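Following: one structure in structure tokens, then a few remarks.
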Amino acid sequence: MNCPYCGYRDSQVIDSRTSDEGTTVRRRRKCPKCDSRFTTYEKVALSIPVLIKKDGLTRVPYSQEKLRNSMQLALRKRPIKADLLEEAIDRIERNLKLRKEKEISTKEVGKLVMGELRKLDSVAYLRFASVYFNYSKPEDFTEALKKLGDVLEREKSK
Ligand SMILES: [Zn+2]
682 MNCPYCGYRD SQVIDSRTSD EGTTVRRRRK CPKCDSRFTT YEKVALSIPV LIKKDGLTRV
742 PYSQEKLRNS MQLALRKRPI KADLLEEAID RIERNLKLRK EKEISTKEVG KLVMGELRKL
802 DSVAYLRFAS VYFNYSKPED FTEALKKLGD VLEREKSK
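Numbering of the sequence shown is given in the working numbering, commencing with residue 682 and proceeding in unit increments.
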């Protein structure tokens with residue numbers, strides 16, 4: 682690793698420790714030439730599969746911004762802290778990164794989002810579900826509400 686201060690083409694590792702539950706290695710380095718110290722982080726590089734849209738043909742790269750926007754829309758004016766949303770996004774991304782497939786349908790991603798929203802806020806869950814399932818009739822909502830009620834009931838009895 683080059684020294685960021687003087688550009689010397691080498692550095693010594695003086696300390697190395699694992700952080701973030703073992704997913705990141707943090708190294709303190711020292712430049713043997715100018716004696717500057719700096720830190721580097723090492724992470725496993727896993728990528729998120731390409732998304733396949735509903736038509737089954739169009740491929741689009743995953744976008745964290747789009748995911749966040751759609752979840753924020755569902756959570757609009759709901760009393761949910763921003764860091765809870767970020768944690769949910771983290772979990773969704775981790776799940777996607779661990780998949781063996783190179784491509785994944787947006788429907789699958791939608792399922793993950795619904796799973797997270799269900800834990801966060803039932804109103805947001807229903808909002809998202811209404812778009813996700815293309816609800817058109819009020820009966821669809823009644824059905825979804827009933828399902829949600831069943832889910833909440835099951836979770837309570839756990
Ligand atoms: Zn240096």
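Backbone N, C-alpha and C fix where the C-beta goes; we use that ideal spot for every residue, glycine too.
Remember, it's a predicted structure, so these values are computed and weren't measured experimentally.
Pocket of ligand 1 defined by Cβ to heavy atom distance under 6 angstroms: Output, sorted by chain position: Cys-684, Tyr-686, Cys-687, Tyr-689, Cys-712, Lys-714, Cys-715, Ser-717.
Requested in this report: Confirm, please, whether the CB-CB distance from Thr-787 to Lys-734 is below 7 angstroms.
Outcome: Yes, they are a contact pair.
_Suppose you measure from the CA of Thr-705 to the CA of Glu-824; what does that come to, to the nearest Å?_
Roughly 44 angstroms between the two C-alpha positions.
Using CA atoms only, rank isn't needed, just tell me which of Cys-715, Lys-781, Ser-697, Asp-696 is closest to Tyr-689. When the alpha-carbon of Tyr-689 is set against those of Cys-715, Lys-781, Ser-697, Asp-696, the nearest one is in Cys-715.
Alpha helix (DSSP H) segments (min. 4 residues) lying fully within the segment 733–776:
For the segment 733–776, whole alpha helix (DSSP H) runs of length 4 or above, ordered along the chain, are 745–755.
Query raised in the report: How is the alpha helix (DSSP H) around Val-790 delimited, first residue to last?
Result: Its alpha helix (DSSP H) spans residues 787–801.
Q) DSSP on Lys-714, reduced to helix/strand/coil? A) The answer is coil: DSSP assigns Lys-714 none of H, G, I, E or B.
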